[in-house]
Amino acid sequence: DAKTTQPNSMESNEEEPVHLPCNHSTISGTDYIHWYRQLPSQGPEYVIHGLTSNVNNRMASLAIAEDRKSSTLILHRATLRDAAVYYCILRVSGGSNYKLTFGKGTLLTVNP
Amino acid sequence: DVKVTQSSRYLVKRTGEKVFLECVQDMDHENMFWYRQDPGLGLRLIYFSYDVKMKEKGDIPEGYSVSREKKERFSLILESASTNQTSMYLCASSPADRDYGYTFGSGTRLTVV
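Right, dumping it as structure tokens:
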């Protein structure tokens, strides 16, 4: 499975922007980059995904490097409710394209 | 709001019992998945289904089976529950198109005693 690398943890202050990095140096040209987050005692929640271009939605922005070997999830103004584990995942093409393989993710702490 | 609904939030079963975990989605998604989540091990895929009556093993299928008789429902079956199957079980669904995200249920915390 294509792998991603994320920092184990990050810390932010409330109402400040947060940039969560992800490295995926073995990404292939047709792999989608997905981000999910998991709040305590809940199932993972879809945040955003992209292929080549930067993406924005109501939750976050996704910035994808030109060579696609890395990406950054941007929370524009962190709130206490954004404290969660954030997972960066590649949805690959080919025979295993149905499944998402979760890594350890980044634990985001938001300070008041 | 689109939903993936898992039948129980908490479940306690005895060793050796046959256990059914039910999952229903209302989004007409082709794909459905069962994961388990354990501290330090993250989410691991047990089984998935890409169509009615179709299933494929995930990374840790041993001790589990699944059933998908209707598109909206995907059941996980523990044939003979064991204590090492105590875990949080998460169901998810997605369209077949990779250009869409997954929707997860809230999870079932199963304790086998």
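Quick note, the sequences are listed as chains A and B, same order.
Take any residue in the first sequence, note its place counting from 1, add 67, and you have its number in my numbering.
Take any residue in the second sequence, note its place counting from 1, add 6, and you have its number in my numbering.
The beta-carbon is built from N, C-alpha and C at its ideal position, and this holds for glycine as well.
{"query": "Could you tell me the boundaries of the beta strand (DSSP E) in which A:Asn178 lies?", "result": "Thr173 to Asn178"}
{"query": "Report yes or no: is there a C-beta of chain A within less than 8 angstroms of the C-beta of B:Arg104?", "result": "yes"}
{"query": "Please list the residues of the segment 50-62 of chain B that have a C-beta atom closer than 7 angstroms to any C-beta atom in chain A, keeping them in chain order.", "result": "Leu51, Phe54 and Tyr56"}
{"query": "Name the two residues that bound the continuous beta strand (DSSP E) containing B:Lys76.", "result": "Tyr70 to Lys76"}
{"query": "When the cut-off is 8 angstroms and only beta carbons count, does A:Leu157 lie next to chain B?", "result": "no"}
{"query": "Alpha carbon to alpha carbon, what distance is there between A:Asp98 and A:Ala152?", "result": "The sequence given here places Val at residue 152 of chain A; Ala does not occur at that position. Their Cα atoms are separated by approximately 22 angstroms."}
{"query": "Between which two residues does the beta strand (DSSP E) holding B:Ser13 run?", "result": "Element bounds for B:Ser13: n/a, residue is neither H nor E."}
{"query": "Just the Cα atoms here: how many angstroms apart are B:Gly69 and B:Cys97?", "result": "17 angstroms"}
{"query": "For A:His86, return the contacting residues in chain B, with the cut-off set at a CB-CB distance below 9 angstroms.", "result": "Those do not exist, as A:His86 stays about 21 angstroms from chain B at its closest Cβ, beyond 9 angstroms."}
{"query": "Might you give, ordered along the chain, the residues of its own chain that have their beta carbon closer than 7 angstroms to the beta carbon of A:Ala150, omitting 5 neighbours on each side?", "result": "Leu175, Thr176 and Val177"}
{"query": "B:Gln31 by DSSP, collapsed to three states: which one?", "result": "strand"}
{"query": "In the DSSP assignment, the beta strand (DSSP E) including B:Lys63 goes from what residue to what residue?", "result": "Met60 to Lys63"}
{"query": "Output the distance between the C-alpha atoms of B:Glu62 and A:Glu81, rounded to the nearest integer angstrom.", "result": "43 angstroms"}
{"query": "State yes or no: is the beta carbon of B:Phe80 nearer than 8 angstroms to at least one beta carbon in chain A?", "result": "no"}
{"query": "Does DSSP classify A:Arg104 as helix, strand or coil?", "result": "strand"}
{"query": "Do you know whose CA, among B:Met33, B:Lys77 and B:Ile52, lies nearest B:Ser93's CA?", "result": "B:Ile52"}
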